[in-house]
Amino acid sequence: MAMSGGKDDGSPMMEMNTTPLIDVMLVLLIMFIITIPVATHAVNIDLPQPNPNPPEELIDPVKNKVVLSPQDEIFWNGDTIDEGELLRNLQLTTSINPEPELQFEPEARASYDKSIRVLNIIKGSGVTKFGFVGNEKYRSFGTGGPANPTGG
Numbered sequence: 001m002a003m004s005g006g007k008d009d010g011s012p013m014m015e016m017n018t019t020p021l022i023d024v025m026l027v028l029l030i031m032f033i034i035t036i037p038v039a040t041h042a043v044n045i046d047l048p049q050p051n052p053n054p055p056e057e058l059i060d061p062v063k064n065k066v067v068l069s070p071q072d073e074i075f076w077n078g079d080t081i082d083e084g085e086l087l088r089n090l091q092l093t094t095s096i097n098p099e100p101e102l103q104f105e106p107e108a109r110a111s112y113d114k115s116i117r118v119l120n121i122i123k124g125s126g127v128t129k130f131g132f133v134g135n136e137k138y139r140s141f142g143t144g145g146p147a148n149p150t151g152g
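Printed below as a string of structure tokens:
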């Protein structure tokens, strides 16, 4: 009982034996099927809906500007505020890390009394990054030269 091994005429074999390849593929398929996690339960949660009109942020994390008008109005980044709101905003800025820069710019005809009160509020709040801006508009003040309070 001899087994036929095919023709052996010395030429290279033209067919590839795919049995080992199929065996390896089946083993990989079984391993991937086993490793797929099965969802055993689900948790339903109610997520809050986002606010379509979020409140406008009054505190800029980089720099904030306080302007004092000739009518004794205080402006924080362009919005009119009172002294109490100024103190609250300043206290909020000191809690931000790193602390944002605070710029103070009283207008040309702003009262000295109100300027001093605002500066005392700023000092009392503990702000450390503070500076005056717009001083170049008043460089001829006190020299006898023409003053240009409009900045032009």
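So in UniProt numbering, spot 122 of the sequence shown is number 122, and the numbers just go up one at a time. We put the beta carbon where it would ideally sit given N, CA and C, even for glycine. Treat the numbers as computed from the prediction; the structure is a model and nothing was measured.
When DSSP builds the beta bridges, which residues end up paired with ILE81?
Per DSSP, ILE74.
Would you mind reading off the limits of the beta strand (DSSP E) that contains LYS63?
For LYS63, the enclosing beta strand (DSSP E) stretches over residues 63-68.
Quick check on ALA110: buried or exposed, where buried means 16 or more other Cβ atoms within 10 Å of its Cβ?
Counting of Cβ neighbours within 10 angstroms places ALA110 among the buried residues, the total reaching 16 or more.
Which residue wins for smallest C-alpha separation from ASP60, given the options ASN77, ALA108, PRO20 and PRO106?
Per the Cα distances, ASN77.
VAL67 to ASN97 span [Cα, whole Å]
So the two alpha carbons sit approximately 24 Å from each other.
Give me the Cβ distance between THR93 and ASN64, rounded to the nearest whole Å; I'm assuming they're in contact under 8 Å.
About 6 Å separates the beta carbon of THR93 from that of ASN64, a gap short enough to meet the 8 Å contact definition.
Based on the DSSP output, what are the partners of PHE130 in its beta bridges?
The partner list for PHE130 (beta bridge, DSSP) reads LEU102.
Tell me the rounded alpha-carbon separation between PHE104 and LYS114.
So the alpha carbons of these two residues sit roughly 13 Å apart.
List the endpoints of the continuous alpha helix (DSSP H) containing VAL27.
In the DSSP assignment, VAL27 falls within the unbroken alpha helix (DSSP H) covering 19-35.
Taking DSSP as the reference, what is the three-state secondary structure of LEU47?
Coil.
Which listed residue (VAL43, THR143 and ASP72) has its alpha carbon closest to that of ALA108
Of the listed residues, the one whose Cα sits closest to ALA108 is ASP72.
Can you name, in chain order, every residue of its own chain whose Cβ lies under 7 Å from the Cβ of GLN91, other than the five neighbours on each side?
Only residues of its own chain outside the window of five on either side were considered, and among them SER125 have a CB closer than 7 Å to the CB of GLN91, listed in chain order.
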